[in-house]
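A short worksheet on the structure shown next.
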Amino acid sequence: MKIDLHCHSHYSDGKHSPGFLVQLAIENRVSHLAITDHDCIAGISEAVIEVEKSKSALKLISGVEISCDWEGSEIHVLGLWFDPRDRHIGELLSLQQDKRRRRVLKMHELLQSQGDYDLMAYLNTLPCHALSRSHVADYLVDQGICKNRQKAFKTQLGNGGCLHVEAHWCSLEQAITTITNGGGIAVLAHPGRYPLGKHRLQSLVAEFASYGGEAMEVSYGNIDPKTRRQLADLAASNSLYASIGSDFHDAAAHWTTIGKAPPLENGTHKNAIWAHPGWQS
């Protein structure tokens with residue numbers, strides 16, 4: 015079984031359509047796929063149609079990645095296997111999308127004060143339902159304001175930047191509760207990427223579990239072996255299932271692709287996410 019429970023389409027900050035992701039998953043012999051767009055589930059129905067057209071055995075899993083605030087840090091929680099028609103999930107995602115749009119509107123106003131720029135006109139041409147700083151960074155590069163995305167985040171969008179606008183996400187507890195009440199599994203996304211330090215990460219994982227979170231990613235694109243082992247141990251010590259995903263965004267980024275993530279550590283399979291009673295094979 016080859017699974018990928020974390021990737022993004024152009025409905026959030028990915029570069030490709032859900033149909034493209036499905037076809038890439040089929041080419042890469044992935045058995046289970048979750049498209050986990052940021053605060054958005056617009057791509058699910060399109061992906062279902064593509065699987066049906068392909069007559070593939072690929073199993074699609076409902077997915078989303080919700081941005082949360084935890085002690086002043088932005089944390090991401092994946093929702094898997096939830097009911098996409100759940101009213102409370104829909105309401106939370108609508109609120110999150112509205113927060114995103116209001117945030118980039120403020121960036122638009124800040125940018126207009128610097129010159130004749132129309133960020134919103136550009137953003138409105140995108141298929142995206144969950145606008146992000148990545149889209150703003152692309153515009154800054156396109157306009158020649160910044161050399162690349164990294165420069166855009168460092169000089170314009172990050173703390174102290176001319177276009178920096180604070181985010182105000184839902185709480186960690188709200189995200190977990192909404193996912194679980196919608197019939198889903200809450201998964202802590204890429205925990206090794208947060209700049210928290212060892213002890214704060216341990217506190218995050220413990221609190222995540224206390225709110226009803228049931229799994230965490232222990233393997234994802236570009237993770238090193240040491241971190242993978244540490245995360246596997248951390249998941250086990252908090253009785254969390256181990257999840258895996260590529261975090262694929264763009265075929266031009268050759269460091270990852272759909273289905274590409276290191277396998278789970280030996281001994282981790284007994285608490286792998288496919289052992290969860292809610293996993294539907």
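Each residue of the sequence shown is one higher than the last, beginning at 15 in this note's numbering.
Think of the CB as a built atom: it goes at the ideal place given N, C-alpha and C, for glycine as much as any other residue.
Computed from a predicted model, the values in this text were never measured in an experiment.
Starting from residue i, trace the alpha helix (DSSP H) in both directions and tell me its first and last residue.
| i | result |
| --- | --- |
| residue 150 | 147-156 |
| residue 39 | 32-41 |
| residue 55 | Per DSSP, residue 55 belongs to no alpha helix (DSSP H) and is neither H nor E. |
| residue 114 | 101-126 |
CB-CB under 6 Å to residue i, same chain, minus the five flanking residues each way: which ones, in chain order?
| i | result |
| --- | --- |
| residue 273 | 16, 18, 42 and 44 |
| residue 5 | Residue coverage of the chain in this structure runs from 15 to 295, which leaves residue 5 outside it and unanswerable. |
| residue 197 | 96 and 97 |
| residue 144 | 26, 52, 53, 54, 111 and 114 |
| residue 219 | 248 and 252 |
| residue 38 | 272 |
| residue 257 | 19, 201, 229, 231 and 287 |
| residue 270 | 235, 260 and 262 |
| residue 264 | 29 |
| residue 131 | 125 |
Give me the DSSP bridge partner(s) of residue i.
| i | result |
| --- | --- |
| residue 131 | In DSSP, residue 131 forms no bridge with anything. |
| residue 18 | 47 |
| residue 93 | 78 and 200 |
| residue 286 | 256 |
Apart from the five residues on each side of it in sequence, which residues of its chain come closer than 8 Å, Cβ to Cβ, to residue i?
| i | result |
| --- | --- |
| residue 140 | 24 and 149 |
| residue 266 | 29 |
| residue 194 | 200, 226 and 228 |
| residue 71 | 45 |
Leaving out five residues on either side along the sequence, give the residues of the same chain with a beta carbon under 7 Å from the beta carbon of residue i.
| i | result |
| --- | --- |
| residue 32 | 23, 49, 57, 60, 61 and 64 |
| residue 242 | 232, 233, 276 and 279 |
| residue 250 | 285 |
| residue 172 | 178 |
| residue 210 | 87 and 218 |
Taking the runs of the beta strand (DSSP E) that are 3 residues or longer, which of them lie wholly in the region 230-261?
Runs of the beta strand (DSSP E) inside the region 230-261: 255-259.
Meets three-Cβ-pair contact criterion under 8 Å: the region 82-98 and the region 173-191
Below 8 Å, enough C-beta pairs join the region 82-98 and the region 173-191 to call them touching: three or more.
Going along the chain, which unbroken runs of the beta strand (DSSP E) with 3 or more residues stay wholly within the region 58-91?
You should have 73-75 and 77-84.
Just list the alpha helix (DSSP H) runs in the region 134-213, keeping only unbroken ones of 4 residues or longer that don't cross its boundaries, in chain order.
DSSP runs (the alpha helix (DSSP H)) wholly in the region 134-213: 147-156, 163-166 and 186-195.
Tell me, please, whether the region 46-54 touches the region 66-78 by the rule of three or more beta-carbon pairs shorter than 8 Å.
Yes, the region 46-54 is in contact with the region 66-78.
Is the region 166-179 in contact with the region 120-129, if contact means three or more CB pairs nearer than 8 Å?
At 8 Å Cβ cutoff, the stretches touch.
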